[in-house]
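A.B. asks: Pasting a structure below so you can have a look.
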Amino acid sequence: MDVFEAIKGRRSVREFRPDPIKEGDLKKILEAAQQAPSAGHCQPLEMVVVKDQAQKERLARAALGQTFIAEAPVAIVVCADVARTSRRYGRRGEELYCIQDTAAATQNIHLAAYALGYATCWIGAFDEGAVAKVIKAPAGVRPLAIVPIGKPAEKPSPPQRIPLSKIVREERF
Ligand SMILES: Cc1cc2nc3c(=O)[nH]c(=O)nc-3n(C[C@H](O)[C@H](O)[C@H](O)COP(=O)(O)O)c2cc1C
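Each residue of the sequence shown is one higher than the one before, starting from 0 at the first, in numbering that gives the first Met the number 0.
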């Protein structure tokens with residue numbers, strides 16, 4: 000699939016069919032995340048693949064009751080091992096680059112999954128401490144996004160974007 004087709008066609012999906020994800024496809028999705036750019040190539044990215052039903056339900060509870068997370072066959076918890084970046088870049092590494100690195104990886108997960116025929120939703124609304132407990136994150140590893148992945152059971156229409164004419168300036172504001 001053409002990259003522009005994936006960028007335009009991807010939607011946040013919140014209803015999933017129970018069909019499993021092929022292991023080969025899951026590997027491709029994880030590799031897509033691994034290929035994302037990383038500040039100073041520090042690679043703070045860590046991912047936890049959750050398939051166990053009880054574990055997904057714990058994640059859904061930690062994500063303020065977003066129960067559709069537990070409907071998807073797989074949820075990836077995208078994390079940052081903050082010290083990998085802060086060792087080199089200090090506060091900027093900790094507060095900015097770690098977040099940007101994992102966001103880039105998360106977007107790659109979305110696009111790769113879509114290109115393989117799966118649907119996803121970026122979950123950012125969760126109790127970070129609670130998610131860290133569910134996945135037994137070691138100290139210094141922050142869960143920053145959860146991405147449920149599965150075959151879509153709905154086809155949402157694209158939400159309107161603020162027009163380019165309102166968000167693009169030339170040379171300066
Ligand atoms: C950082 C971030 C956090 C988000 N958190 C949630 C969330 O917790 N639950 C949810 O249903 N959608 C969440 N979304 C998805 C947005 O609601 C969605 O991307 C937006 O409405 C645009 O729709 P689209 O993805 O179909 O283009 C999040 C998206 C981003 C980028």
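Built from N, CA and C at the ideal position, the CB exists for glycine as well.
1) Under 8 Å between the Cβ atoms of I148 and V76?
2) So, are the CB atoms of A69 and F125 less than 8 Å apart?
3) Report the residue ranges of all alpha helix (DSSP H) runs contained in full by the segment 68-154; include only those spanning at least 4 residues, in chain order.
4) Name the two residues that bound the continuous alpha helix (DSSP H) containing E30.
5) Looking only at C-alpha atoms, which of D18, A111, A131 and R83 sits nearest to C41?
6) Between the Cα of V73 and those of V130, K132 and E22, spot the shortest distance and give me the residue it belongs to.
7) For the 8 Å Cβ check, are there 3 or more pairs between the segment 128-145 and the segment 42-55?
8) Consult DSSP for E170 and reduce its assignment to one of helix, strand or coil.
9) For ligand 1, I want to know if R10 counts as a neighbour, meaning its beta carbon is within less than 7 Å of at least one of the ligand's heavy atoms.
10) State the beta-bridge partners of S11 as determined by DSSP.
11) Quick check on this structure: which residue in F172, V2 and I134 has the alpha carbon closest to the alpha carbon of S164?
12) Leaving out the 5 sequence neighbours to the left and right, which residues in its chain are closer than 8 Å to K27 when beta-carbon positions are compared?
13) With C-beta atoms as the reference, is V49 less than 8 Å away from L63?
14) Do you know whose CA, among R168, R86 and V12, lies nearest F67's CA?
15) The alpha helix (DSSP H) that contains L44, what's its start and end?
16) Among the residues of its own chain, which have a CB less than 6 Å from the CB of G92, if the five just before and after it don't count?
C.D. replies: Let me spell this out:
1) no
2) No, these two residues do not count as a Cβ contact at 8 Å.
3) Qualifying alpha helix (DSSP H) stretches, in chain order: 81-91, 97-114 and 127-133.
4) Secondary structure note for E30: its alpha helix (DSSP H) is the uninterrupted segment E22 to Q33.
5) R83
6) E22
7) yes
8) Three-state result, E170: coil.
9) yes
10) S11 is bridged to T119.
11) Checked all of F172, V2 and I134; the closest Cα to S164 is F172.
12) Within the same chain, K27 has close Cβ partners A111 and L115.
13) Result no, Cβ atoms of V49 and L63 do not sit closer than 8 Å.
14) Closest by alpha carbon: V12.
15) Segment L44 to V49 is the beta strand (DSSP E) holding L44; no alpha helix (DSSP H) there.
16) T84 and S85
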